[in-house]
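Everything below concerns the one structure shown next.
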């Protein structure tokens, strides 16, 4: 039976990951609890926020322990390691697609204010979130279908990410197609959102005698939502 020793850097890494995982679980559980207690927050947009919060809780409970396992190079079967690495891919995709769904939701609310409530119902939001999760799972599990580093042999390896995952899958298929492209779409849509909102604010400022505006609350909400999405994307 092989033994594994941990150096000081490994211990520090595990401690940091553990702290991040605890913060992710506690912080996002607080978000869900706040939404549950406040009926004003229980709108279609906040279904997306709950989805993001649940994804981050899953990261704290599941992904971080698996990431620690991979980083330590535990000796396990190739396909066990591959399955773990596939799980690590699923959740970033789920987060980015949820962020994209929120951005599109914000854009539609600004672009089509009179038809938004009739078009974006809670049922349709649930379907959209379900599709985001399904696509994330399918994209993350692609390596199990053969797009991996397996070349034969005994089957037992030191589990490291690039020992089982092909770089062309990680870079071109996963990052460029399912992370970078949605991020660019989100940036473009938010630029359009702020342009539309500023145009509406300017028109109403010029039209109202007291120089007031009729969209300040919506404009502030859009800014707060953009900041929230940025923080989700970064952290």
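In my numbering, the protein residues as written are 1 to 235. Ideal placement from N, C-alpha and C gives every residue a C-beta, glycine not left out.
An exposed status is given to residue 77, since fewer than 16 other beta-carbon atoms sit within 10 Å of its beta-carbon. A straight-line Cα-Cα distance of about 13 Å links residue 147 and residue 163. For residue 148, the three-state secondary structure derived from DSSP is strand.
Beta-bridge analysis with DSSP links residue 156 to 77. Per DSSP, the beta-bridge partners of residue 165 are 148. If you ignore the 5 residues before and after residue 196, its C-beta comes within less than 7 Å of the C-beta of 110 and 111, all in its own chain and listed in chain order. Rounded to the nearest whole angstrom, the C-alpha separation of residue 65 and residue 203 is 53 Å. By the neighbour-count criterion, in which a residue is buried when 16 or more other Cβ atoms sit within 10 angstroms of its Cβ, residue 15 is exposed.
Between the region 119–131 and the region 81–91, the count of Cβ pairs shorter than 8 Å is below three; the stretches do not touch. Inter-residue distance for residue 150 and residue 119 is about 47 Å (C-alpha atoms, whole angstroms). Here residue 83 is not near residue 63, since their CB atoms are 9 Å or more apart.
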